[in-house]
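Residue numbers (UniProt numbering): 1 to 375.
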Amino acid sequence: MDVPFSSNSINLPAADPSNFPSETSQGVSDTRVVQLDTSIEKERLAAEVIQRAWISWRNRNLFKLLKHAARAAEHCVTYQILRLVSPLEAELIRDPSMQCKIRFRFAGTEFPPFIVFKIFHRTGGYGNKYISGKRALNPSSEAAADACRLMGYRVYYDQMIRDEVQHLKHKITDIIDVATMKDYMQYISYLDETPAYLGGRDNHWRKLSLEKVPRTMIMYDILNYAESGKLSSQLKKELSFLLCLPHNEEVRRRQLLVITQSRHPVTPSSIISCQSSPLPTSSRGSVRRSHRVLQKIAKMKRTYGQRREKEQQEQNTAYCTSESHVTEDNGKFTSQTEDMKDKAFLSDEEWEQEAEKLYTWSQELTLEETGIFSP
1 MDVPFSSNSI
11 NLPAADPSNF
21 PSETSQGVSD
31 TRVVQLDTSI
41 EKERLAAEVI
51 QRAWISWRNR
61 NLFKLLKHAA
71 RAAEHCVTYQ
81 ILRLVSPLEA
91 ELIRDPSMQC
101 KIRFRFAGTE
111 FPPFIVFKIF
121 HRTGGYGNKY
131 ISGKRALNPS
141 SEAAADACRL
151 MGYRVYYDQM
161 IRDEVQHLKH
171 KITDIIDVAT
181 MKDYMQYISY
191 LDETPAYLGG
201 RDNHWRKLSL
211 EKVPRTMIMY
221 DILNYAESGK
231 LSSQLKKELS
241 FLLCLPHNEE
251 VRRRQLLVIT
261 QSRHPVTPSS
271 IISCQSSPLP
281 TSSRGSVRRS
291 HRVLQKIAKM
301 KRTYGQRREK
311 EQQEQNTAYC
321 TSESHVTEDN
331 GKFTSQTEDM
341 KDKAFLSDEE
351 WEQEAEKLYT
361 WSQELTLEET
371 GIFSP
């Protein structure tokens, strides 16, 4: 018998809300996670913005310092720097007839840049002439044949191969290759960058290294800061003044003077105080030691003088005995010494003649004469 189903007749237990996940609490936790991620992302972006701003500020200040250093090197301490790089080229600046100018520029593919310099010669419209054997000796002249004979075929051919390689690489290596103004500027640049042994001027842009800057100047601290990132104590003191904007020419001149002045100038008061101060115990000890050293030197001189006198006496005795021996057998002794001198002091030409005779004699030999028989 079928019993009709009725919901009222069955007592079901009530559902516990704690056993089911709450959609409201899960949504709140997701919102908090999203907010936390958003705040972390904002902090990261803010840190990146601050970092970029600080790096930009630091790079701008470094570029200002490098610009001051390049300007000071070009206008104030050109001779001092070039004297450390090349003493012979430094004399060109002091020669008023040459009218040479040193220019400093920035170069490099990364920051911070490095300073380069180059020597320019102002001719006043008259031009100058570089003496080069590559342009002076024509290939069809007798001078080229004489150069080939003096240099040797191998060296001469090597030079011809170098010239051909340079022409294939740079295209414009001679005045006959110039057709336009662009070609002429390329030819002038090629002459400046090419070494002298290849027919160029060897006057290219050279890097100003830290070793070629006087250590007594703040310019050295600036270049050292650009390379290592370390600020010296003297540069820290003058940093605010060097980074300020020069409103007039006087401020600019003072900035250049600060960069080029000595780091630790010696004042007369310090010299007077050093002279008036009493000697310490270490200096007194050095005076005693110097007295002992003087006594030792005097003793060594006396010993050396006695030894030298003894050697001189032995040499005089040997000379007297050899002179008596020469008087007894003069003819035989002189003939032997002359033969020894002739054998010992052969000139280079005689050696070459002997070598040529030996080579000619060896070429005339046959296998039968040498005792070697072919199979």
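Just so you know, even glycine gets a beta-carbon here, dropped at the ideal spot from N, CA and C. Since this is a predicted model, take the numbers as computed values, not measurements.
- Excluding sequence positions up to five before and after residue 72, its CB lies within less than 8 Å of the CB of 219, 256, 259, 260, all in the same chain and listed in chain order.
- Within the same chain, 79 come within 8 Å of residue 94 by CB-CB distance, once the 5 residues on both sides are set aside.
- When the Cα atoms are used, residue 59 and residue 106 turn out to be separated by approximately 15 Å.
- Bounds of any alpha helix (DSSP H) do not take in residue 111, whose DSSP letter is neither H nor E.
- A Cβ-Cβ distance of about 19 Å is found for the pair residue 115 and residue 100, leaving them out of contact under the 8 Å criterion.
- Looking at the DSSP output, residue 217 sits in a beta bridge with 262.
- Counting only the Cα atoms, residue 294 lies some 54 Å from residue 242.
- The straight-line gap separating the alpha-carbon atoms of residue 214 and residue 222 is approximately 12 Å.
- Residue pairing for residue 206: DSSP places it in a beta bridge opposite 117.
- Judged by DSSP in its simplified three-state form, residue 296 adopts helix.
- The three-state reading of DSSP puts residue 236 in helix, counting H, G and I together.
- For the pair of segments examined, the stretch 189-199 was found to touch the stretch 160-171: the number of CB pairs separated by less than 8 Å reaches three.
- A residue is called buried when at least 16 other Cβ atoms come within 10 angstroms of its Cβ; residue 111 does not meet this threshold and is exposed.
- For residue 233 and residue 217, the gap between their C-alpha atoms comes out near 13 Å.
- Taking the CA atoms as reference points, residue 186 sits about 22 Å from residue 207.
- If you draw a 10 Å sphere on the C-beta of residue 235, you find 16 or more other C-beta atoms in it, and that means buried.
- In this structure, residue 136 sits away from residue 145, with a CB-CB distance that is not shorter than 9 Å.
- In this model, residue 262 and residue 250 are separated by some 20 Å (Cα to Cα).
- Under DSSP, residue 100 shares a beta bridge with 121.
- Residue range 153-170 is occupied by the alpha helix (DSSP H) that includes residue 167.
- In this structure, the CA atom of residue 134 is about 12 Å from the CA atom of residue 156.
- Per DSSP, the continuous alpha helix (DSSP H) segment holding residue 91 begins and ends at 87-94.
- According to the DSSP assignment, residue 200 belongs to no alpha helix (DSSP H), since it is labelled neither H nor E.
- Taking the CA atoms as reference points, residue 52 sits about 26 Å from residue 246.
- In the DSSP assignment, residue 188 falls within the unbroken alpha helix (DSSP H) covering 181-193.
- For the pair residue 212 and residue 77, the CB atoms are not nearer than the 9 Å cut-off.
- Listed as beta-bridge partners of residue 44 by DSSP are no residues whatsoever.
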